[in-house]
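Chains as they are written, first to last, in my numbering: chain A, -15 to 379; chain B, -15 to 379.
2 protein chains.
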Amino acid sequence: MFNIFPLKGGLENVEGFYFQGVNSNLKPNNEPDLGFIRSDEEVDVEALFTTNRFQAAPIKHFQKYPQDFKTNFLLVNSKNANAMTGEKGMEDIDDLFDTLKEKLPLKNPIMSSTGVIGYRLDKEKIKAAFDKFDFTKRDSDSIARAIMTTDSFKKEIAFRVETSDKESFHIAAICKGAGMINPAMATMLCFILTDANIPKSDMKELLSKHVETTFNAISVDGDTSTNDTVMLLTSRKSQNYDKEAFSEALRVVMQNLALMIVKDGEGANKVVAFEVKGAKNDKEAKIIAKALSNSLLVKTALFGEDPNWGRIASTIGASGCECDEEKLKIFYDNVLVYSNEKKEMDKETEERAFKVMKKDSFKIVCDLGIDEGSFTAYGCDLSYEYVKINADYRT
Amino acid sequence: MFNIFPLKGGLENVEGFYFQGVNSNLKPNNEPDLGFIRSDEEVDVEALFTTNRFQAAPIKHFQKYPQDFKTNFLLVNSKNANAMTGEKGMEDIDDLFDTLKEKLPLKNPIMSSTGVIGYRLDKEKIKAAFDKFDFTKRDSDSIARAIMTTDSFKKEIAFRVETSDKESFHIAAICKGAGMINPAMATMLCFILTDANIPKSDMKELLSKHVETTFNAISVDGDTSTNDTVMLLTSRKSQNYDKEAFSEALRVVMQNLALMIVKDGEGANKVVAFEVKGAKNDKEAKIIAKALSNSLLVKTALFGEDPNWGRIASTIGASGCECDEEKLKIFYDNVLVYSNEKKEMDKETEERAFKVMKKDSFKIVCDLGIDEGSFTAYGCDLSYEYVKINADYRT
């Protein structure tokens, strides 16, 4: 038995780490754009990275360390992805850490970046901002804001997990992501801290397990970035651990952050769960659910609040997966809009479907009636605002 | 030796066919929404259809005829796709033809539809409009308009092909398509007529060959419809044929119509050729070229006229195809914006790239530097207007 209690705030709920965000003059108005997470002792770190072949310099830098290395310092920045910058991009990271070493002892320091692709880091600005770092701070708000790019709100979450009357551990995370979010975790940074006494092998296993149904199940626009990262660090300060409890808490953290990203989809107004069931197998269910959450025509119909199930059906048919016009059923929440017996929507059904679509969040259920495969993907609508944000991104 | 001469107008340049479009009260303002193409004698027909598993009723109706059947009548309509309508949808087509048979002899009549998915045809309106048909008309303009949906201009093309001083044949086509255009020919109807004495086997071979680099190489939004059709009918009236000449003429017809569709991409302002070369093989080049032409982030950058090559690189990296940061080169027309030696754009390069992006049409060349694979896909930008058109489509 265990209990998971939500806590206010973010990373400050976890013992053993210090963190802060400051302004390095990359963002205007003194908004934080540079931050650190550090610990006095070296800690275990586990990370999942983008499947993009052009991995950004900080990811390649991370991967040069020996397997199962420990670290005591993570540097993060926004506005510049340090991607497609070649060897120089990695040398820049080492150069930054050489400067930082004059201020505090670093052991296998790592970096994480997000922003525009194809430009070298402005090292002078970043180095100048090191003077603003207070390495004794535990300021979750400022570092959560430091990693934001097109995000319209900061993303923080924290839980206390009780494994017995007397024992508990904590898990907390910050996250950024709003556009480019896709099957393969695009332009998404997520840093999860815990004080649970989790074995290194469980860190990898549980992170990999839960990423499939959380960050890999969301989609804002189907693109995949060079910098996506989900990272888990543990201080083990609580000395407490229960695998089942930790797994569930990690799932809840990742699920909630993933949904926050969908909710913050660039210009998005609605969060929609595409629940596919009755597919030939889970793999086909996933292909269909993702195709639905990525379809421009489906996304614009969501924006137009139009219960145009024809676009849903057409996308299923185009997915290449097994499907049958006579077995398919489509629901908006619990409103059946298509089945073989009910080909056309009557006025009453249409009215009810319209009402569902007016909601801020709802589900579209596609029962293929073939077999037991199922998967739920999360998506959002496509609005004028999306186009505006992305047409103007660099300017 | 042969020569291909462009002609004014459309289908009226081909002998042996009659065609007309009329209004059946599905479109307002007496705009044509119903049409026919017919011949006095039965003619050979070859067609390529959508890969969508939910093929529309008219496609299934076509496929029920024995292989190599001949026909003397094609009925077309817009505003209603007759898709996801099951057996009833096919019965409706037979019912329409039973009524038409009272007016003229039909042999294996076929139908083609485009419009909203999930509604039965309004047979009463369509039957009432049969009275407006003049079966002796050769009115390409009205039938070209009858198949339009969100198209902003009608698409017609015609050529005379001289195979010797004294011999020639004609080829002409009408086409519709503006949104939903994707790798697999989405919501695209194309009817090609010829009087060339082409063998049946060549019809299939050449249609299949040229569809790959034309209609299957364009993309407006990555969705695939239930109704896509490319159809070739021959009257053989010219009694003339040359395979090489016909193949080239067919390619030119299909290529031009495909580019017209891209140009008419819903809300699109620019036509962009994504020329991928130096890929591991042609298949990988095609995957990358299509990924680029379908990427929302690339499309919004085109709309914003932002030479943001980082999004191009990121999309290539995410394609799953072999690529190497150090071998890749990216050009906007002839402006090199990325190579391993030239990581960041200097001001002058950026100015030149900006100028390219201001153009109505240009190419983005990605040389992967791996091997000899190449493919060119055509795409357009994503504008506010696209969202508006597709959010409002049914209303």
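Even glycine gets a Cβ: it sits at the ideal position worked out from N, Cα and C.
**Boundaries (first-last residue) of the alpha helix (DSSP H) holding A/Ile141** = For the purposes of this step, residue 141 of chain A is taken as residue 157 along the first sequence, with counting starting at 1. Not the alpha helix (DSSP H): A/Ile141 falls in the beta strand (DSSP E), residues 139 to 146.
**Any chain A beta carbon closer than 9 angstroms to B/Arg104** = Here residue 104 of chain B refers to the residue found at position 120 of the second sequence. True, the Cβ-Cβ gap to chain A drops below 9 angstroms.
**A/Glu(-4) versus A/Leu177, A/Asp186, A/Lys326, A/Glu259, residue with shortest Cα-Cα distance** = The residue you call residue -4 of chain A lines up with position 12 of the first sequence. Measuring from the Cα of A/Glu(-4), the nearest candidate turns out to be A/Leu177.
**Spatial distance of A/Cys174 from A/Ala201 (CA atoms)** = Your numbering for residue 174 of chain A matches position 190 in the first sequence. Your numbering for residue 201 of chain A matches position 217 in the first sequence. The straight-line gap from Cα to Cα measures roughly 15 angstroms.
**Message:** Tell me which residues share the same chain as B/Ile354 and place their Cβ nearer than 8 angstroms to its Cβ, disregarding the 5 neighbours each side in the sequence.
**Reply:** Mapped onto the second sequence, residue 354 of chain B falls at position 370. The answer, listed in chain order, is Gly262, Ala263, Lys264, Glu306, Cys307, Asp308, Lys311.
**Prompt:** If you compare alpha carbons, which of B/Phe20, B/Ile131, B/Gly102, B/Asn253 is closest to A/Asp330?
**Reply:** Counting from 1 along the first sequence, the entry for residue 330 of chain A is found at position 346. Taking only the C-alpha atoms, the option nearest A/Asp330 is B/Gly102.
**Start and end residues, beta strand (DSSP E) containing B/Arg295** = Counting from 1 along the second sequence, the entry for residue 295 of chain B is found at position 311. Taken as a continuous stretch (DSSP letters only), B/Arg295 belongs to no beta strand (DSSP E), being part of the alpha helix (DSSP H) at 293 to 302.
**Prompt:** Beta carbon of B/Lys138, beta carbon of B/Arg129: below 9 angstroms?
**Reply:** Walking along the second sequence from the start, residue 138 of chain B turns up at place 154. Walking along the second sequence from the start, residue 129 of chain B turns up at place 145. Contact: yes.
**Item:** Closest by C-alpha distance to A/Asp82, when choosing among A/Gln51, A/Leu59, A/Gly288
**Value:** Locating residue 82 of chain A in the first sequence gives position 98, where the first residue counts as 1. Considering only alpha carbons, the answer is A/Leu59.
**Request:** State the start and end residues of the unbroken alpha helix (DSSP H) segment that holds B/Arg235.
**Result:** Here residue 235 of chain B refers to the residue found at position 251 when the second sequence is read from its first residue. Element bounds for B/Arg235: 227 to 247.
**Near-chain B residues of the region 209 to 221 of chain A - C-beta to any C-beta below 8 angstroms** = Ser209, Thr210
**Prompt:** Which partner residues of B/Pro(-10) appear in the DSSP bridge assignment?
**Reply:** In the second sequence, residue -10 of chain B corresponds to position 6, counting from 1. According to DSSP, which records beta bridges pairwise, B/Pro(-10) is partnered with B/Phe143.
**Request:** Out of A/Glu189, A/Asn181, A/Lys188, point me to the one whose CA is closest to A/Ser222's CA.
**Result:** Here residue 222 of chain A refers to the residue found at position 238 of the first sequence. Residue A/Asn181 is the option with its Cα nearest to A/Ser222.
**Short CB-CB distance (under 9 angstroms) between A/Ser298 and chain B** = Here residue 298 of chain A refers to the residue found at position 314 when the first sequence is read from its first residue. At least one chain B Cβ lies under 9 angstroms of A/Ser298.
**Message:** Would you say A/Gln239 lies against chain B (beta-carbon separation less than 9 angstroms)?
**Reply:** As a first step, residue 239 of chain A is located in the first sequence; it is residue number 255 there, counting from the start. Not an interface residue.
**Asked** What's the gap between the Cα of A/Thr379 and the Cα of A/Thr133?
**Response** Locating residue 379 of chain A in the first sequence gives position 395, counting from the first residue. Locating residue 133 of chain A in the first sequence gives position 149, counting from the first residue. Reliability of the predicted coordinates at A/Thr379 is poor, the pLDDT of 46 falling under 50, and the value obtained from them is presented with this limitation in mind. A/Thr379 and A/Thr133: Cα-Cα distance of roughly 13 angstroms.
**Message:** Between which two residues does the beta strand (DSSP E) holding A/Val100 run?
**Reply:** Locating residue 100 of chain A in the first sequence gives position 116, counting from the first residue. Neither: A/Val100 is in no beta strand (DSSP E) and is coded neither H nor E.
**Message:** Could you give the first and the last residue of the continuous beta strand (DSSP E) run that contains B/Met215?
**Reply:** The count along the second sequence starts at 1 and reaches residue 215 of chain B at position 231. B/Met215 -> beta strand (DSSP E) spans 213 to 218.
**Asked** At a CB-CB cut-off below 7 angstroms, which residues of chain A make contact with B/Asn36?
**Response** As a first step, residue 36 of chain B is located in the second sequence; it is residue number 52 there, counting from the start. Per Cβ cutoff of 7 angstroms: Ser298, Gly301, Ala302.
**Message:** When you compare the CB of B/Met68 with every CB in chain A, is at least one pair closer than 9 angstroms?
**Reply:** To locate residue 68 of chain B, count along the second sequence from 1; it is residue 84. It does: the Cβ of B/Met68 has a partner Cβ on chain A nearer than 9 angstroms.
**Prompt:** Whose Cβ in chain B lies nearer than 7 angstroms to the Cβ of A/Glu108?
**Reply:** On the first sequence, position 124 is the one that residue 108 of chain A refers to. The contacting residues do not exist; A/Glu108 stays about 16 angstroms from chain B at best.
**Request:** Could you round the C-beta distance between B/Asn324 and A/Gly99 to whole angstroms and report it? I think they count as a contact, below 8 angstroms.
**Result:** The residue given as residue 324 of chain B occupies position 340 in the second sequence. The residue given as residue 99 of chain A occupies position 115 in the first sequence. Between A/Gly99 and B/Asn324 the Cβ distance is about 21 angstroms, and since that is not below 8 angstroms, they are no contact.
**Item:** Residues that B/Val27 contacts on chain A, provided the C-beta gap is smaller than 9 angstroms
**Value:** Locating residue 27 of chain B in the second sequence gives position 43, where the first residue counts as 1. None at all; the shortest Cβ gap to chain A is about 30 angstroms.
**Request:** With DSSP collapsed to three states, give me the class of B/Leu173.
**Result:** Position 189 of the second sequence, counted from the first residue, corresponds to residue 173 of chain B. Of the three classes helix, strand and coil, the one that applies to B/Leu173 here is strand, per DSSP.
**Prompt:** Among B/Asp226, B/Gly19, B/Val255, B/Pro50, which one has its Cα closest to the Cα of B/Ile240?
**Reply:** Position 256 of the second sequence holds residue 240 of chain B. It is Asn, not Ile, that sits at residue 240 of chain B in the sequence shown. It is B/Val255.
**Message:** Could you check whether the Cβ of A/Leu10 sits closer than 8 angstroms to any heavy atom belonging to the ligand COA?
**Reply:** Looking at this structure, you won't find the ligand COA or any other ligand, since it has none at all.
**Message:** I'd like to check one pair, A/Phe3 with A/Thr147: are the Cβ atoms closer than 9 angstroms?
**Reply:** Here residue 147 of chain A corresponds to residue number 163 of the first sequence, with the count starting at 1. Here residue 3 of chain A corresponds to residue number 19 of the first sequence, with the count starting at 1. Cβ distance not < 9 angstroms, so A/Thr147 and A/Phe3 don't count as in contact.
**Request:** Could you pull out every unbroken alpha helix (DSSP H) segment of at least 4 residues lying fully inside the region 307 to 356 of chain B, listed in chain order?
**Result:** 331 to 341
**Request:** Closer than 7 angstroms by beta-carbon distance: list the chain B residues that pair up with A/Glu309, in chain order.
**Result:** Stepping through the first sequence from its first residue, residue 309 of chain A is reached at position 325. Near A/Glu309 (Cβ distances below 7 angstroms), the residues of chain B are Phe38, Met68, Gly70.
**Message:** Would you call the region 356 to 368 of chain B in contact with the region 270 to 282 of chain B, where contact means no fewer than 3 C-beta pairs closer than 8 angstroms?
**Reply:** yes
**Request:** Return the residues of the region 83 to 100 of chain A that lie within a Cβ-Cβ distance of less than 8 angstroms from chain B, sorted by chain order.
**Result:** Val100
**Asked** With a Cβ-Cβ cutoff of 9 angstroms, do B/Leu276 and B/Phe287 count as a contact?
**Response** Position 292 of the second sequence holds residue 276 of chain B. Position 303 of the second sequence holds residue 287 of chain B. Going by C-beta atoms, B/Leu276 is not nearer than 9 angstroms to B/Phe287.
**Message:** Let me see if you follow: with CB-CB separation under 9 angstroms, is A/Gly463 close to chain B or not?
**Reply:** Given a span of -15 to 379 for chain A in the structure shown, any question on residue 463 of chain A remains unanswerable.
**Asked** What did DSSP end up calling A/Ala41 once you bin it into helix, strand or coil?
**Response** Indexing the first sequence from 1 puts residue 41 of chain A at position 57. Helix.
**Request:** Measure the beta-carbon distance from A/Lys184 to A/Asp28 and round it to whole angstroms, keeping in mind my assumption that it falls under 8 angstroms.
**Result:** Position 200 of the first sequence, counting from 1, holds the residue named residue 184 of chain A. Position 44 of the first sequence, counting from 1, holds the residue named residue 28 of chain A. Confirmed, Cβ separation roughly 5 angstroms.
**Asked** Taking 9 angstroms as the CB-CB limit, is A/Tyr225 close to chain B?
**Response** As a working mapping, residue 225 of chain A is identified with position 241 in the first sequence. Not closer than 9 angstroms to any Cβ of chain B, the Cβ of A/Tyr225 fails to qualify, so no.
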